[in-house]
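**Student:**
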Amino acid sequence: MNKLSTLHDAVASIPPGSHVALPGFAIARCAMAFAHEVIRQGINHLTLSQCVGAMDADILVGAGMADRLIYGGGSLDRFGRLSAVNRGIETGTLAAEEYSSLSVTFRYLAGSLGLPFIPIRSLQGSDLLRNLKERHPDDVAAITDPFTGEEWLALKPLLPDVAVALVSAADEEGNAQIDGPRWDNLEQARASKRTIVLAHKIISTEEVRQHPDRTVIPGFLVSHVVHVPFAAHPCSLFKAYDYDADHIRLYAEAAQNPESMQAYLDTYVFGVPDHAAYLAKVGGEELKQRISADPQRGY
Amino acid sequence: MNKLSTLHDAVASIPPGSHVALPGFAIARCAMAFAHEVIRQGINHLTLSQCVGAMDADILVGAGMADRLIYGGGSLDRFGRLSAVNRGIETGTLAAEEYSSLSVTFRYLAGSLGLPFIPIRSLQGSDLLRNLKERHPDDVAAITDPFTGEEWLALKPLLPDVAVALVSAADEEGNAQIDGPRWDNLEQARASKRTIVLAHKIISTEEVRQHPDRTVIPGFLVSHVVHVPFAAHPCSLFKAYDYDADHIRLYAEAAQNPESMQAYLDTYVFGVPDHAAYLAKVGGEELKQRISADPQRGY
Amino acid sequence: MTTDYSPSELMAVAGARELKDGQIVAVGLGLPVVASFLAKQTHAPNMTILFELGVVDPEPIDSGVGLADPRVWYRAKVHSSFVDILGTVLHKGRVDVGFLGGLEVDQFGNLNTTLVGDPRGKFKHMVGSGGANDIASCANKTVIIIRHEARKLKETISFVTSPGYISGGSARADLKMRGGPERVITDKAIFGFHPETKRMQLLSIHPGNTLDDVLNTMGFKPEICGNIPYTEPPTQEQLRLIREQIDPTRMYMG
Amino acid sequence: MTTDYSPSELMAVAGARELKDGQIVAVGLGLPVVASFLAKQTHAPNMTILFELGVVDPEPIDSGVGLADPRVWYRAKVHSSFVDILGTVLHKGRVDVGFLGGLEVDQFGNLNTTLVGDPRGKFKHMVGSGGANDIASCANKTVIIIRHEARKLKETISFVTSPGYISGGSARADLKMRGGPERVITDKAIFGFHPETKRMQLLSIHPGNTLDDVLNTMGFKPEICGNIPYTEPPTQEQLRLIREQIDPTRMYMG
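The listed protein sequences correspond, in order, to chains A, B, C and D. All residue numbers for the first sequence refer to numbering that gives the first Met the number 0, where the first residue is 0 and numbers rise by one. All residue numbers for the second sequence refer to numbering that gives the first Met the number 0, where the first residue is 0 and numbers rise by one. All residue numbers for the third sequence refer to numbering that gives the first Met the number 0, where the first residue is 0 and numbers rise by one. All residue numbers for the fourth sequence refer to numbering that gives the first Met the number 0, where the first residue is 0 and numbers rise by one.
1) Report the option in D:Pro118, D:Thr196, D:Arg198, D:Leu52 whose CA atom is closest to the CA atom of D:Gly27.
2) Which of helix, strand or coil does DSSP assign to A:Thr266?
3) Does DSSP put D:Pro69 in a helix, a strand or coil?
4) In terms of DSSP beta bridges, what is B:Leu197 paired with?
5) Using 8 Å as the cut-off, can you tell me whether the region 54-70 of chain B makes contact with the region 97-106 of chain C, which would need three or more C-beta pairs spanning the two stretches below that distance?
6) Three or more beta-carbon pairs under 8 Å between the region 216-225 of chain D and the region 137-150 of chain D, yes or no?
7) Of all the residues that make up the region 160-185 of chain B, which are near chain D by a beta-carbon distance shorter than 7 Å?
8) For the region 126-146 of chain C, list every residue whose C-beta sits within 9 Å of some C-beta in chain A, in sequence order.
9) Could you tell me how far apart the beta carbons of C:Ser136 and B:Gln123 are, in whole angstroms, since I believe they sit closer than 8 Å?
10) From which residue to which residue does the alpha helix (DSSP H) around C:Ile156 run?
11) So, C:Ser157 versus C:Gly191, is the Cβ gap smaller than 8 Å?
12) What is the rounded straight-line gap between the Cα of B:Arg193 and the Cα of A:Lys2?
13) Which term fits D:Ile60, buried or exposed, when burial requires 16 or more other beta carbons within 10 angstroms of its beta carbon?
14) Can you tell me which of the three DSSP states B:Ala317 falls into?
15) Could you name the residues of chain C that A:Pro211 contacts, counting a contact when the two beta carbons are closer than 7 Å?
16) Answer yes or no: does any C-beta atom of chain B fall closer than 8 Å to that of A:Pro294?
17) Of all the CB atoms in chain D, is at least one closer than 8 Å to the CB of A:Arg120?
18) Roughly how many angstroms separate the alpha carbons of A:Val227 and A:Leu278, rounded to a whole number?
19) Among the residues of its own chain, which have a CB less than 7 Å from the CB of B:Cys234, if the five just before and after it don't count?
20) Please classify B:Lys301: is it buried, with 16 or more other beta-carbons within 10 angstroms of its beta-carbon, or exposed?
21) Return the first residue and the last residue of the beta strand (DSSP E) that C:Ile241 is part of.
22) Below 8 Å between beta carbons: does that hold for C:Trp72 and C:Val54?
23) Pick helix, strand or coil for B:Phe146, following the three-state DSSP scheme.
24) Under the three-state reduction of DSSP, which class applies to B:Asp55: helix, strand or coil?
25) Can you tell me the Cα-Cα spacing of A:Ser191 and A:Leu220, whole angstroms?
26) Please list the partners that B:Asp144 has in chain A, where partner means a Cβ-to-Cβ separation under 7 Å.
27) With 8 Å set as the bound, which would you pick, yes or no: does the beta-carbon of C:Ala67 sit closer than that to a beta-carbon of chain B?
28) When the cut-off is 8 Å and only beta carbons count, does D:Met0 lie next to chain A?
29) For a test of the three-state rule: what should DSSP assign to A:Asp103, helix, strand or coil?
30) Beta-carbon within less than 7 Å of D:Arg74's beta-carbon, same chain only, minus the 5 sequence neighbours each way: which residues are those?
31) Can you check which of these residues, C:Lys140, C:Ser5, C:Asp212, C:Val77, is closest to A:Glu206 by C-alpha distance?
32) Whether or not the region 180-191 of chain A and the region 132-152 of chain B are in contact is what I'm after, with contact meaning three or more pairs of Cβ atoms, one per stretch, closer than 8 Å; do they touch?
33) Does D:Pro162 have its Cβ less than 8 Å from a Cβ in chain A?
34) Write down the C-beta distance between D:Ile189 and D:Ala11 rounded to the nearest angstrom, noting that I regard them as a contact closer than 8 Å.
35) Using a 10 Å radius around the Cβ and a threshold of 16 neighbouring Cβ atoms, would you call B:Ala262 buried or exposed?
36) Between the region 71-81 of chain B and the region 120-135 of chain C, do at least 3 Cβ pairs fall closer than 8 Å?
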């Protein structure tokens, strides 16, 4: 089935209030083009989740699109903190449910396998767990190992409405290939009701069939396939393009207070009609040349 | 670390009474060369496990090496039943713990992740579960979902002493690549204390580093790497060689009673010193030519 | 209209009719493979076909001896694993239809693939479950394809490998199990299940058979409500696809 | 013998000394990367280095800005996932040593990377856990690397992101948690943990510092038993490797 779509239509399929699983890890493979379009369309009251908080979550929170973030902590690596997320937590405008990388992973994993709950060693003895028990008592529980009688912590499966996957290549059915490490993205797609794929490259189903071991997200999970080159800019896509350090610095600076964040959004999100125009604005062909990855090194 | 070893030494590292996870699925990627060497060395009282019973388990049971089999049923596909396994069950010389494909998979998965138990929908309402409850009450238990109060079946993790992996290629550290579907093999390796790798081809660590996404068993799990071309004969290895239908028929016929099974073992296992001599006996270079896979089709 | 078709061909066509476009289908080897590929090549081009060991949507050009035969993995869109197929698709609840076969089926659609004879006395051990119990437990519905013989359609079966409606009525629902058998397709008739009793209920008789032919060759009396129609026969196009494209060597159709 | 080394270099070398050949080590970015690569290039060539997002044993030729930088994934032996690294290696119990850093550590080795200030009042939110809590909970031992300042080595920390020995004594064992912190390496000293109280215990003082230098710049008094030796300084070869090969641009050593 041909699921090729525009980014506009794919994003428009998400109702306000949805739970969206985001693909980024800090400054790698973030769904920036997706986040921009969500902001342009004003799809708000979202719940966002990802194992390690990344720039895609930060800009969505900074633009006021998200009420809730389920994550394991995060940053922009050496470029700084997730300023919009942190400000949301500090001022109370964002309900953050804070876990660790593995505990969010296990919640997705349980969701992906249709498990009713999953036991875990993490979180015990921490203030992360104390907060979760106080504020989200429906998501964590004590359970007794029926084989040994030992007490364990159990987590509830995470079941997003839609996962967004930013991939190296996909065919028109959504069979997707990802170069490099995949962190939580495969479990996100399998736990979610459906997946929207942003592909740097569209390949033929014939090519998918030549390399079936490379298909990490099967097409039957996918509702929309969108061809968006450089969709992660200013973040990187392994083997396709490097991160744009200058623009990340510009974002990290802007995100530090609401006024400069708004100015950033006015310029780079509201100030352009779509991702092609955004790319033209941030550097166009010269940028693409500059950040294009060396196929051997991957960056 | 260079873990290259002879098949003799790799097999000799397994004490009698060990729990060995086998890689075969019916007549695909069975560890036949491994099974032959276990039989030659007389390493017995083994517990075997695999999700779908295959020819590697059948010959080990037929040679009297295994006391116990944990599996989800199995056959030689159209070539017939697992006659030695079935005879062991029928006569009571083999303690078989019968599950389904997914329930053994989930036991390995729980073992691979360090989970204390795993809930599952399968087995409920079946005589498989009735038998398990009666005969193996320590491996299955009722558990209450702490979030909904619903009753679930929980399975105990499976923790083999050693997994045997038959792979397309591996480097001397054991970083291994498998072409084609991988059924339960990745979870077996991760659940087991250690893994013995039988590789059709030895590649350099440099080549491993060129394709890190192809490493499906990481070297740090591996104790021995053995270079054994055509180790699955008469079964197939995807993209390397096809199954040998004539020899499978010969085995399936022989396995139907203890006398002909013994004659088969005398000829093809005890009658040869090692796998190279076995290959010479079953057809040598002519056989290798005949079953070599078309790289495009994979068989 | 033609009568030039075998009972197996009618069974495969009847199986194909149970599949809708866009569905995800878990398939074992044999007639279900023919039924699935037939549906995919006719009314259900966007159906997804799964094999438990880690194969999605293959396009074989040669027939295989079983799921372990690389011939049936050819040109798949995905090569993965049990966890991926049986875990994240089947156990997760995404499989719409699962096909099952067996040695014996009882009036409640419980299936035996494990043994013949008395498990507490002398018995012959057979194939066991493989993914069958998982499909019976986790698919949103199952379709059973089985030969119509008294030794196969039995009042009581020797072993329940894959549960149908268990002891009937609400027994399956009481165990909070999803799905259940929706159809039993034999070479003489098609059955559904009575909404209350969950006993097999005769839905149609294949052309060329009488009601007596059906009832005299099974080990229990199914529910029968009103007039029973004949099963719709295969079309010429369906027969052509089966014979020329899907199973030219008659590997699956026996 | 040379004194021509920085406190960071000594910390990296001390971290490397905690690693044995053949071990599996979970690493975050910064000094632990230098410590791990140094160990691997000297006494522990068969050590395995893991990054949580799905990277095993990379051989970077360029320094990265964090784990999300493809520069640090270069020439890895495995590219996989959180489930693979944090699930089947760390949670399974195969990680021998995990490195941790933080904003604050208390006398029981509990670490804060989440916030500064009072979480019930005004506070500044920071990075949070990432894989740190998982490493602290699941590794067979952890090594903490942190700057030696009173605002970092505190009697009470604002938030326990990653548990050490919790309230000390048997508190961690009572929760059936494996592992626990084994060393705290600062730029002035190395600490272990007292076997009974599980409070930080001074093991050695870096050359150039006095006991008072150590004690006056921390927020609690550690256990001190007997004479405290000086920390062994880096060798010329270790310094050469750090400066020429591992961190030539001083990206990690600050």
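The C-beta atom is built at its ideal place from N, Cα and C for all residues, glycine as well. Only a predicted model underlies this, so the values are computations on that prediction, with no experimental measurement involved.
**Tutor:** On the basis of the data shown:
1) Taking the fourth sequence and counting its residues from 1, the one referred to as residue 27 of chain D is at position 28. Nearest option by C-alpha distance: D:Leu52.
2) In the first sequence, the residue the question calls residue 266 of chain A occupies position 267. Reduced to three states, the DSSP call for A:Thr266 is helix.
3) Within the fourth sequence, the letter at position 70 stands for residue 69 of chain D. Reduced to three states, the DSSP call for D:Pro69 is helix.
4) Here residue 197 of chain B refers to the residue found at position 198 of the second sequence. According to DSSP, which records beta bridges pairwise, B:Leu197 is partnered with B:Leu165, B:Val225.
5) no
6) yes
7) Asn174
8) Cys137
9) By 1-based counting over the third sequence, the position of residue 136 of chain C is 137. By 1-based counting over the second sequence, the position of residue 123 of chain B is 124. Going by Cβ atoms, the distance from C:Ser136 to B:Gln123 rounds to 6 Å, so yes, they are a contact pair.
10) Position 157 of the third sequence, counting from 1, holds the residue named residue 156 of chain C. First-last for C:Ile156: undefined, no H or E at that position.
11) Here the question's residue 157 of chain C lines up with position 158 in the third sequence. Here the question's residue 191 of chain C lines up with position 192 in the third sequence. Taking 8 Å as the Cβ cut-off, C:Ser157 and C:Gly191 do not qualify as a contacting pair.
12) As a working mapping, residue 193 of chain B is identified with position 194 in the second sequence. As a working mapping, residue 2 of chain A is identified with position 3 in the first sequence. Approximately 44 Å, taken between the alpha carbons.
13) For the purposes of this step, residue 60 of chain D is identified with residue 61 of the fourth sequence, where counting begins at 1. Exposed: under 16 other Cβ atoms inside 10 Å.
14) Coverage of chain B is limited to positions 0 through 298, which leaves residue 317 of chain B absent and any answer about it impossible.
15) The residue labelled residue 211 of chain A in the question sits at position 212 within the first sequence. Result: Ala75, Lys76, Val77, His78.
16) Here residue 294 of chain A is taken as the residue at index 295 of the first sequence, counted from 1. No, A:Pro294 lies away from the interface with chain B (no Cβ there is under 8 Å from its Cβ).
17) Within the first sequence, the letter at position 121 stands for residue 120 of chain A. It does: the Cβ of A:Arg120 has a partner Cβ on chain D nearer than 8 Å.
18) Walking along the first sequence from the start, residue 227 of chain A turns up at place 228. Walking along the first sequence from the start, residue 278 of chain A turns up at place 279. Straight-line Cα distance between these residues: approximately 11 Å.
19) As a working mapping, residue 234 of chain B is identified with position 235 in the second sequence. These residues qualify, in order along the chain: Gly23, Ile26, Ala27, Arg28, Cys29, Met31, Met54, Tyr242.
20) With chain B covering only 0 through 298, there is no way to say anything about residue 301 of chain B.
21) Here residue 241 of chain C refers to the residue found at position 242 of the third sequence. Here C:Ile241 belongs to no beta strand (DSSP E), and DSSP marks it neither H nor E.
22) On the third sequence, position 73 is the one that residue 72 of chain C refers to. On the third sequence, position 55 is the one that residue 54 of chain C refers to. In contact: C:Trp72 and C:Val54 (Cβ atoms closer than 8 Å).
23) For the purposes of this step, residue 146 of chain B is identified with residue 147 of the second sequence, where counting begins at 1. Coil.
24) Mapped onto the second sequence, residue 55 of chain B falls at position 56. Looking at B:Asp55 - three-state DSSP - the assignment turns out to be helix.
25) Residue 191 of chain A sits at position 192 when you count from the first residue of the first sequence. Residue 220 of chain A sits at position 221 when you count from the first residue of the first sequence. About 9 Å.
26) One-based indexing of the second sequence puts residue 144 of chain B at position 145. Result: Pro115, Phe116.
27) As a working mapping, residue 67 of chain C is identified with position 68 in the third sequence. Chain B contact via Cβ: present.
28) One-based indexing of the fourth sequence puts residue 0 of chain D at position 1. Confidence is the limiting factor: at D:Met0 the pLDDT is only 46, short of 50, which leaves the residue's position unreliable, though a coordinate-based value still follows. Closer than 8 Å: no.
29) One-based indexing of the first sequence puts residue 103 of chain A at position 104. Inspection of the sequence shows that residue 103 of chain A is occupied by Val rather than by Asp. Residue state, collapsed to three classes: helix.
30) Residue mapping note: residue 74 of chain D aligns to position 75 of the fourth sequence, counting from 1. If we look at D:Arg74 and ignore the five residues flanking it on each side, its Cβ neighbours are Pro57, Glu58.
31) The sequence position of residue 206 of chain A within the first sequence is 207, counting from 1. Comparing Cα positions, the closest option is C:Val77.
32) no
33) Position 163 of the fourth sequence, counting from 1, holds the residue named residue 162 of chain D. Yes, D:Pro162 counts as interfacial toward chain A.
34) In the fourth sequence, the residue the question calls residue 189 of chain D occupies position 190. In the fourth sequence, the residue the question calls residue 11 of chain D occupies position 12. Contact doesn't hold; Cβ gap of about 13 Å is too wide.
35) The residue given as residue 262 of chain B occupies position 263 in the second sequence. Result: exposed.
36) yes
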